[in-house]
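Enquirer: Shown below is the structure under consideration.
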Amino acid sequence: MALLKVEGLGKSYTADKKILKNISFEIKAGELVSIIGPSGAGKSTLLRCINRMVEFNEGKIIFNNQEVGNLNKKELRHLRANIGMVFQHYNLVPRLTVIENVLHGRFGYKTTMQGLLGRYTEKEKAAAFHLLEKMGIHEHAYKRCDQLSGGQQQRVGICRALIQEPKLILCDEPIASLDPNSSKIIMDLLKSISTEMGITCLVNLHQVDVAQYYSDRIIGLNKGEIVFNGNSTELHEDN
Ligand code: ADP
Ligand code: ADP
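Quick note, the numbering used here runs 2 ahead of the 1-based positions in the sequence shown.
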């Protein structure tokens, strides 16, 4: 059973240029799939169509048996709770602590910035701390996010995506700003999130070798079209 099905997806931001053209693919539950392609290929746009951070013009996206294009406001909130998002630049709130950033991912800000942590329940805080432990950064839980290295911040970003207990996480170039060592840590974590937690991962990458090493499957995108969809081992230079 496909968790995600994309059928004939088309997207343009402006009348004169089609960014995505007739995109079709399926993702099974628990798979780790990479989308690779040069800058400007449309990878980021494709991910953003899936949770309707951008509206698409043509085709269908079916997530968990629901047609994403038809959802009303309430259904869309529910969809977004089932789809976590991880960004290249982490998108954390710098002046909040690590654990506050994670809690924010699920429970939102609870009114003012002062004494934020006091406003969450013990159970909510325990859930956030447990995730930080799983990602190996619990020792930084009460530091401000902007005191952490890039790789550490990305682990916080992953915790924030996971705290909603999503079925799918969309990762938009999660390692593009990281050194090789931090990149390896992040990719190892994404791998274990798919294999051990059973959460489906769709990851935009531009490094082919990383995609080949970690992914169950690779989708190649170029100029808004799918040019490859298959096993890592089937991917050759000429694709
Ligand atoms: P990638 O993630 O593969 O680098 P993007 O999806 O970011 O590709 O961008 C694909 C194309 O869409 C680029 O030409 C980019 O300039 C254009 N684009 C992206 N976002 C917008 C937007 N909000 N409005 C207009 N054009 C956009
Ligand atoms: P990144 O590759 O890190 O996502 P980009 O420069 O491609 O950075 O895009 C940054 C932001 O600008 C995104 O929100 C994207 O949608 C938007 N954007 C990109 N290209 C355009 C464009 N041609 N017109 C308007 N917005 C754009």
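Note that the Cβ used here is the ideal one computed from N, Cα and C, for glycine as well.
This one's a predicted model, so the numbers in the text were calculated from it and none came from an experiment.
#1: Hey, which residues come within less than 6 Å of ligand 1, measuring from Cβ to any heavy atom, in chain order?
#2: Look at the Cβ atom of Y165, then the Cβ atom of A143, and state whether they are nearer than 8 Å.
#3: Over what stretch of residues does the alpha helix (DSSP H) that includes G159 continue unbroken?
#4: Identify whether S26 lies in helix, strand or coil by the three-state DSSP scheme.
#5: Going by beta carbon distance, what residues of the same chain come within less than 7 Å of G107, once the five residues before and after it are set aside?
#6: Check whether the Cβ of L98 lies closer than 7 Å to any heavy atom of ligand 3, and answer yes or no.
#7: When the distance is taken between beta carbons, is C147 closer than 8 Å to N103?
#8: Out of curiosity, what's the CA-to-CA distance linking S26 and I187?
#9: Starting from N231, follow the beta strand (DSSP E) in both directions and report where the run begins and ends.
#10: For a test of the three-state rule: what should DSSP assign to D190, helix, strand or coil?
#11: Going by Cα to Cα distance, which pick from E227, N224, R219, G226 is closest to L237?
#12: Kindly list the residues whose CB is nearer than 7 Å to the CB of Q154, restricted to its own chain and excluding five residues on each side of it in sequence; keep chain order.
#13: By how many angstroms is the C-alpha of L5 removed from the C-alpha of L22?
#14: Rounding to the nearest angstrom, what Cα-Cα distance links E9 and E124 in this structure?
#15: Thinking G222 and I38 are a contact (beta carbons under 8 Å), I'd like their distance in whole angstroms, please.
#16: Take the Cβ of P168 as the centre, count every other Cβ of all protein chains shown within 10 Å, and call the residue buried at 16 or more, exposed below.
#17: Can you round the beta-carbon distance between E175 and N224 to whole angstroms, since I take them to be within the 8 Å contact cut?
#18: Buried or exposed: which applies to A128, given that a residue is buried once 16 or more other Cβ atoms fall within 10 Å of its Cβ?
#19: How far does the beta strand (DSSP E) with S217 in it extend, from its first residue to its last?
#20: Can you name, in chain order, every residue of its own chain whose Cβ lies under 7 Å from the Cβ of L78, other than the five neighbours on each side?
#21: Check whether the Cβ atoms of S196 and T202 sit closer than 8 Å, and answer yes or no.
#22: Roughly how many angstroms separate the alpha carbons of V158 and S184, rounded to a whole number?
Expert: The answer reads as follows:
#1: Any residue whose Cβ sits closer than 6 Å to a heavy atom of ligand 1 makes the list: Y15, I21, G39, S41, G42, A43, G44, K45, S46, T47.
#2: For the purposes of this step, residue 165 is taken as residue 163 along the sequence shown, with counting starting at 1. For the purposes of this step, residue 143 is taken as residue 141 along the sequence shown, with counting starting at 1. What sits at residue 165 in the sequence shown is Ile, not Tyr. In this structure, A143 does not lie closer than 8 Å to I165 by Cβ.
#3: By 1-based counting over the sequence shown, the position of residue 159 is 157. From DSSP, the alpha helix (DSSP H) with G159 extends over 152-164.
#4: The residue given as residue 26 occupies position 24 in the sequence shown. S26 falls in the strand class under three-state DSSP.
#5: Taking the first residue of the sequence shown as position 1, residue 107 is located at position 105. Answer for G107: R162, A163, I165, Q166, listed in chain order.
#6: Ligand 3 is not part of the structure shown, which contains ligand 1 and ligand 2 as its ligands.
#7: Looking up residue 103 in the sequence shown gives position 101. Looking up residue 147 in the sequence shown gives position 145. A contact, by the Cβ cut-off of 8 Å.
#8: Start at 1 with the first residue of the sequence shown, and residue 26 comes out as number 24. Start at 1 with the first residue of the sequence shown, and residue 187 comes out as number 185. Going by the C-alpha atoms only, they are around 31 Å apart.
#9: Residue numbering aside, residue 231 sits at position 229 when the sequence shown is read from its first letter. 227-232 is the extent of the beta strand (DSSP E) around N231.
#10: Locating residue 190 in the sequence shown gives position 188, counting from the first residue. Helix, per DSSP.
#11: The residue you call residue 237 lines up with position 235 of the sequence shown. Closest option to L237, Cα to Cα, is R219.
#12: Within the sequence shown, numbered from 1, the residue matching residue 154 stands at position 152. Once the five neighbours on either side are set aside, the close Cβ partners of Q154 are I139, H142.
#13: By 1-based counting over the sequence shown, the position of residue 22 is 20. By 1-based counting over the sequence shown, the position of residue 5 is 3. The alpha-carbon atoms of L22 and L5 are separated by roughly 21 Å.
#14: In the sequence shown, counting from the first residue as 1, residue 9 sits at position 7. In the sequence shown, counting from the first residue as 1, residue 124 sits at position 122. Computed Cα separation, rounded: 43 Å.
#15: Here residue 222 refers to the residue found at position 220 when the sequence shown is read from its first residue. Here residue 38 refers to the residue found at position 36 when the sequence shown is read from its first residue. With a Cβ gap of about 6 Å, G222 and I38 count as contacting.
#16: For the purposes of this step, residue 168 is identified with residue 166 of the sequence shown, where counting begins at 1. P168 comes out buried.
#17: To locate residue 175, count along the sequence shown from 1; it is residue 173. To locate residue 224, count along the sequence shown from 1; it is residue 222. Actually they do not touch by this definition, with Cβ atoms about 16 Å apart.
#18: The count along the sequence shown starts at 1 and reaches residue 128 at position 126. Answer is exposed; the Cβ neighbour count stays below 16.
#19: Walking along the sequence shown from the start, residue 217 turns up at place 215. It is not in any beta strand (DSSP E) - S217 carries neither H nor E in the DSSP assignment.
#20: For the purposes of this step, residue 78 is identified with residue 76 of the sequence shown, where counting begins at 1. Excluding residues within five positions, the ones whose Cβ falls inside 7 Å are R54.
#21: Counting from one through the sequence shown, the residue named residue 196 turns up at place 194. Counting from one through the sequence shown, the residue named residue 202 turns up at place 200. Result yes, Cβ atoms of S196 and T202 sit closer than 8 Å.
#22: By one-based count along the sequence shown, residue 158 stands at place 156. By one-based count along the sequence shown, residue 184 stands at place 182. In a straight line, the C-alpha of V158 is about 13 Å away from that of S184.
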